[in-house]
Each structure stands twice: as structure tokens, then as C-alpha cells.
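Heads up, the thing below is written out as C-alpha cells.
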Amino acid sequence: MIPQVISQIISFGPYSENSKVVLACSGGADSTFLAHAYKSASQTSLLPTAIVAVIDHAQHEQSREQTAKVVDGYHRLGFEVVSQRISCDRGINENDMRNQRYAALLEIAKHHQASKVFVAHHAEDQAETILQRIMRGTGINGLVGMRPSRDMGDGIELCRPLLNMRRDEMRAYLSANKMEWLEDQSNSDVEYATRNKIRHQLLPQLGEIATGDPIKALTKLAGEAADWESAQQQLLGQDHDFAEVPSYLRRQAVRAELLKLGEKVTPQRLLDIEGALIKKGSAVINTALRFSTSGGKLLVVARR
5 MIPQVISQII
15 SFGPYSENSK
25 VVLACSGGAD
35 STFLAHAYKS
45 ASQTSLLPTA
55 IVAVIDHAQH
65 EQSREQTAKV
75 VDGYHRLGFE
85 VVSQRISCDR
95 GINENDMRNQ
105 RYAALLEIAK
115 HHQASKVFVA
125 HHAEDQAETI
135 LQRIMRGTGI
145 NGLVGMRPSR
155 DMGDGIELCR
165 PLLNMRRDEM
175 RAYLSANKME
185 WLEDQSNSDV
195 EYATRNKIRH
205 QLLPQLGEIA
215 TGDPIKALTK
225 LAGEAADWES
235 AQQQLLGQDH
245 DFAEVPSYLR
255 RQAVRAELLK
265 LGEKVTPQRL
275 LDIEGALIKK
285 GSAVINTALR
295 FSTSGGKLLV
305 VARR
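Numbering (this note's numbering), first residue to last: 5 to 308.
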């Protein structure tokens, strides 16, 4: 199990000399396993110095005390530890809380000149993400789920080395090696977050009615969607007349350009822009830019 994770950690390299990484840890089983795995990897491979970051969301009265206990635990493992308390309103939705957490992790990484932030998302997290997106009406791109890595901004990469690991496997490893962790009670409160309802209600029901393991099925779906996305990018990179490619690929080409520009992407907007391009060869992006298909190519040009 640990060799598999070590291999994944190494794959996020190459790492420059004297570089640092941040391990986002909460004291829970998943991030505690991540910390132990990174420590083991560092004993056999030349890896950057790891700094453990503990984020206190201030969601309950004991949060300061719990954070201090978590920080002490990672100190005893031999890590440099930094903690940051963020001001989240009680009852804040999970998406806003996640955005604040990532913003805090990015600032910590920048402060310590770290090149990467490692988080402990695993296979069950991936399955929950895909189900949540399906219920929101995602397209094929959303079925990719969480990617092994992504850019956080400012040249810092978010890395997920545990995406192929199962929750029970990691807990069994920690228990077998007499390693302690803290249970976050909010993770079991189905009134607290949509994701908890998926975890504790929907997935168990799927396990009862499915012919196989729903976690494996959903993570396999994510892999297939990622393969399709890669093939799609290759197709988009080929020299084709915009009007001659299938409608779906035209919309994906528009989507890619909008994302580069930091523009909002919705299915209806893609349909509207595609329609305007096919009909008029031009479509407005914003007050300064527009799309043009002059010469059969999709171009971003200044508005006149």
C-alpha cells in the first residue's frame, strides 16, 4: 500500500533542489495516512521538505483546542507545522468553506515558497464528487471528477496522491501500525453537508443494489472520462475547419477558449456562441473581445 503511494508522490516530480511542499492535514485518518506516507517516501527517496498545514474553520467551540491537539500530533511525527484559523460563518456551505481553505493553503504555500500542496482526497471522495456532479447535471467533462493534479495559481500545484486508495485500507493500515487520528463529527452529520448524505445514505444504498462495487465503477467512469477528454484535446488540436467539425467539438473548442480567458462557462452560453459563429462567423465574449471564425479557425480578436 505505502509503495503505491510513494510511487504516486514521486510521479508529481521532478522536484527542484531545496524545494518545499505543503501537506494539508486535519488530524483525520486520511490526512494522517498522507503524512505517514510522505514521511516513509522521504526515507527512501530524495523529496522536498514537507510542511504540514492545519486549517481551523472555527465551526465549533472546541476548534482551537482540537487544532492545538492536531498540531502537536504532527509535531511529534517530526514535521514543521503551521496552523491558520479562517473566519467561516457558522453554517457556511461546503463549497465556500472549501474555497476559503484552498485560499489559505495557497497563501501558506506562497509564504513558505512551496511548489506543491498535497491533499488527502481518496477513491471514496472521488466517487462522491462524481455523484454530486451528476445530480447537478454535469456534462462529460464533469465526470472526470477530481484530477490527480491541478494548478492553484502563482505556479503552485495541488496534488492528490491518494485518489486510488480506499478509505478502509488506509484506516486498517493506521490501526495495524498503532497510529492515532481524530474523527471529525461533522463528517457523519447528514444534516451538515450534501456530501455527507451521499457518503452515508446514497452510496450504501448503491452498494446494496449494484452488481459490483459502486466506488470502483465510479472511479472507472472518471478514468474513462479523462481518456475521452485527452482524445478530445487531440482532436481539437488538429487542423480542421471550425464549421466542419461536429457540434459537440465546436462547443468544446469555445469552452476551452473561454476558460483561458477566465470567462463563465454554461451549456447555454456555449450553444449561443456556437450558433452565432455558425450563422455570422462572430460572437461576443465581453466588452473587449469576440470570437471570429475567419479563415475557418476559431480566433479571439478585439471588438471594434
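Glycine is no exception: its CB is placed at the ideal position from the N, C-alpha and C atoms. All values reported here derive from a predicted model rather than from experimental measurement.
For I13, the closest of G32, L50, D60, I277 by C-alpha to C-alpha distance is L50. Residue burial annotation: T71 is buried, with at least 16 other C-beta atoms found within 10 angstroms of its C-beta. Pairing Q209 with E173, the inter-Cα distance amounts to about 21 Å. In the assembly as shown, E21 is an exposed residue. Its beta-carbon has fewer than 16 other beta-carbons within 10 Å. For L50, the secondary structure class from DSSP, reduced to helix, strand or coil, is coil. The three-state reading of DSSP puts Q88 in strand, counting E and B together. For D243, the three-state secondary structure derived from DSSP is coil. Taken in chain order, the unbroken stretches of alpha helix (DSSP H) that lie wholly in the stretch 151 to 216 and span 4 residues or more are 171 to 180, 198 to 201, 207 to 213.
About 14 Å separates the beta carbon of A306 from that of A287, a gap too long to meet the 8 Å contact definition.
Here S153 is actually not in contact with R137; their C-beta atoms are around 19 Å apart, not less than 8 Å. Inter-segment contact for the stretch 139 to 158 and the stretch 94 to 112 is present: three or more beta-carbon pairs are separated by less than 8 Å. Non-local C-beta neighbours of R170 in its own chain, meaning closer than 8 Å and more than five positions away in sequence, comprise H126, A127, E128, I219, ordered along the chain. Per DSSP, the beta bridge partners of S286 are S296. DSSP, read as helix, strand or coil, puts A28 in strand. Annotation for A118: no alpha helix (DSSP H) segment contains it, though the beta strand (DSSP E) segment containing it runs 118 to 122.
At a Cβ-Cβ threshold of 8 Å, A247 and T198 do not count as neighbours. Within the same chain, N168, M169 come within 8 Å of Q8 by CB-CB distance, once the 5 residues on both sides are set aside. Remark: fewer than three beta-carbon pairs, one from each stretch, lie closer than 8 Å, so the stretch 36 to 49 and the stretch 139 to 152 are not flagged as touching. The bridge partners DSSP lists for L263 come to none. Rounded to the nearest angstrom, the Cβ distance from V123 to V85 is 16 Å, too far for a contact under 8 Å. The three-state secondary structure of V75, taken from DSSP, is helix. L147 is positioned such that its CB atom lies closer than 8 Å to that of L225. Take the alpha-carbon of A230 and the one of E65: they are about 42 Å apart.
In this structure, DSSP gives L303 an extended state, which the three-state scheme calls strand. DSSP lists no bridge partner for A107.
With fewer than 16 other beta carbons inside 10 angstroms of its own, P18 counts as exposed.
With a cutoff of 8 Å on beta-carbon distance, R68 and D76 are scored as not near each other. Judged by DSSP secondary structure, P7 falls within the alpha helix (DSSP H) whose first and last residues are 6 to 15. Here H116 is near K24, since their CB atoms are less than 8 Å apart. Annotated as proximal: A257 and L240, with beta-carbon spacing under 8 Å.
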